[in-house]
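Visitor:
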Amino acid sequence: MPIRVAIVGSGPSGFYTAEALAKSDTDCQIDIIERLPAPHGLIRYGVAPDHQTTKNVSRNFDKTAARDQVRFYGNVDVGRDISLDELRAMYDAVVIAIGSPEDNKLGIPGEDKQGVIGSAAFVGWYNGHPDFVDLDPDLDTANVCVIGNGNVAIDIARLLVKTRAELSPSDITNDALDAIEASSITDVYMLGRRGPVEAKFTNVELREMGKLEICVPQINGTLIPDAVPEELEMSDRDRRLRERNLATLRKFAPRAADELPKRVHFHFFAAPREILGGDRVEAIRMERTEVVDGRAVGTGEFFEIETSLVLPAVGYRSSGLEGLPFNDDWGVAISDDGRAGEGLYVVGWIKRGPTGVIGTNRPDGQEAAKQIIEDIPEGRKPGRAALDELLASKGVRVVDYTDWLTLDAHEQARAREGAPREKLITVAAMLGVLDSA
Ligand code: NAP
641 MPIRVAIVGS GPSGFYTAEA LAKSDTDCQI DIIERLPAPH GLIRYGVAPD HQTTKNVSRN
701 FDKTAARDQV RFYGNVDVGR DISLDELRAM YDAVVIAIGS PEDNKLGIPG EDKQGVIGSA
761 AFVGWYNGHP DFVDLDPDLD TANVCVIGNG NVAIDIARLL VKTRAELSPS DITNDALDAI
821 EASSITDVYM LGRRGPVEAK FTNVELREMG KLEICVPQIN GTLIPDAVPE ELEMSDRDRR
881 LRERNLATLR KFAPRAADEL PKRVHFHFFA APREILGGDR VEAIRMERTE VVDGRAVGTG
941 EFFEIETSLV LPAVGYRSSG LEGLPFNDDW GVAISDDGRA GEGLYVVGWI KRGPTGVIGT
1001 NRPDGQEAAK QIIEDIPEGR KPGRAALDEL LASKGVRVVD YTDWLTLDAH EQARAREGAP
1061 REKLITVAAM LGVLDSA
């Protein structure tokens, strides 16, 4: 008899777990449960729309979904349609792969003003996530402040200064493309509380900032050290990567502010202290910092940047799931290297926090599969049969993978010229297409 496994979440960590289980020698029946009708989580809704090669990994997920023992249950919300406890009663193993969908907070005064939009919402908006279609960010501002020096911050900065021609071949939604084209943005400030050596963005992403059609990078060259200080302990690989970033920033330094109509300013050693204004943001107050023992420490010197749009991209967290042991301070599940209870496992960002690239989730999935197989219980639970019965009794409209392929084809067919797809951005629109198919 197969072991019956439910995976909650169809992003990279969920799909890599399904793949590892499906490719194992153990007989497994795998059901992937997803809140939205569309699968692939962070690949579809987090990866930047102009990074299509990264999104190509979803083709491997399609192959996994096409396996006989794998079934996709889209449009099923664990927490609303079925509880985690109910799921655990039905399946031999339940794997939680729900990622870190919420923003970390800055924890400074004024953060709740209109015009402060966290990266989860902002990235979700331009990527057509149904939760954020109504965000309607006001881009009628010359200056935008993006807080953070990670890849999400740099993704946002880049998207905001690209032209229609640059964005058109991506799968950014038409609404977001129109809004960015119509915006008054001329200057984007990338605000890092530490220095160029500590910046977390990767070099490919940083170099892209030097190749934009109408935007020039700006940096004060005197802030770039000649080399990564010897006393900083890190792997040779990390040192090489950081040296590469310093070299790229050095190339940016001599570029003239008026070379192109827009600018992205890399401001290092600058920590946000207060968002100023009335109900709406009018400016951000920053404190200059220095890095002491790896930490940003305020110097007591302040400056302000006028803006009506502040986009914190300072990392993500999860708020968990009822029934999942959870560390609320860290925003991750409590587990013993992924084992979170009897027959309960966690993978990906909900397990280890929001770090690493898409591929980092692969070993996570393999580890979870190994643990599940090691822990195989004596008896077997009903799995799919019980889930189908419960969902039918509640009248839940399940979207299966064949349905998804219908939606996928529909999105591709209505894409603007040169774009891979035009996403359906509401659940109702997705279900409507399926109803009329
Ligand atoms: P991240 O890499 O952890 O970067 C977060 C940034 O926010 C850091 O610069 C951090 O500064 C800063 N920060 C945190 N709290 C702050 C505060 N209170 N005030 C000011 N700054 C603050 O996170 P991320 O950019 O969200 O990315 C998440 C993961 O996805 C990363 O592993 C990233 O590489 C990956 N990702 C990869 C790609 C890609 O490969 N193209 C694209 C997007 C995301 P400190 O360093 O000082 O803490």
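Note that the working numbering numbers the sequence shown so that position 250 is 890, with each residue one more than the last. Glycine included, every Cβ here is placed at the ideal spot set by N, Cα and C.
(1) Give the list of continuous beta strand (DSSP E) stretches no shorter than 3 residues that lie fully inside the region 953-1024.
(2) What do you reckon, are the CB atoms on F712 and H680 nearer than 8 Å?
(3) How many angstroms separate the CA atom of F841 from the CA atom of N791?
(4) Starting from D818 and walking both ways along the alpha helix (DSSP H), at which residues does that stretch end?
(5) I need the straight-line Cα distance from V987 to V734, nearest angstrom please.
(6) Taking 7 Å as the cut-off, is the CB of R684 close to at least one heavy atom of the ligand NAP?
(7) At 3 residues or longer, what runs of the beta strand (DSSP E) sit wholly inside the region 679-741?
(8) From the DSSP output, in three-state form, read off H769 for me.
(9) Closest by CA to N783, which one among G719, S948, L961?
(10) Three-state secondary structure (DSSP) at G649?
(11) Based on the DSSP output, what are the partners of D778 in its beta bridges?
(12) For a test of the three-state rule: what should DSSP assign to F908, helix, strand or coil?
(13) The beta strand (DSSP E) spanning A923 covers which residue range?
(14) Residues bridged to F943 by DSSP?
(15) Tell me whether S975 is buried or exposed, calling it buried when 16 or more other Cβ atoms sit within 10 Å of its Cβ.
(16) Just to confirm, are V786 and L951 a CB contact at a threshold of 8 Å?
(17) Rounded to the nearest angstrom, what separates S740 and D1004 at their Cα positions?
(18) Starting from N606 and walking both ways along the beta strand (DSSP E), at which residues does that stretch end?
Guide: Put simply:
(1) 979-981, 984-986
(2) no
(3) Going by the C-alpha atoms only, they are around 5 Å apart.
(4) 814-822
(5) Roughly 11 Å separates the two Cα atoms.
(6) no
(7) 710-713, 733-736
(8) coil
(9) S948
(10) When secondary structure is reduced to three states using DSSP, G649 falls in the coil class, being assigned neither helix nor strand.
(11) Per DSSP, none; premise fails for D778.
(12) coil
(13) Run containing A923: 921-932, per the beta strand (DSSP E) assignment.
(14) M926
(15) buried
(16) Contact flag set, yes.
(17) 15 Å
(18) Any property of residue 606 remains undetermined from this structure, which presents the chain solely from 641 to 1077.
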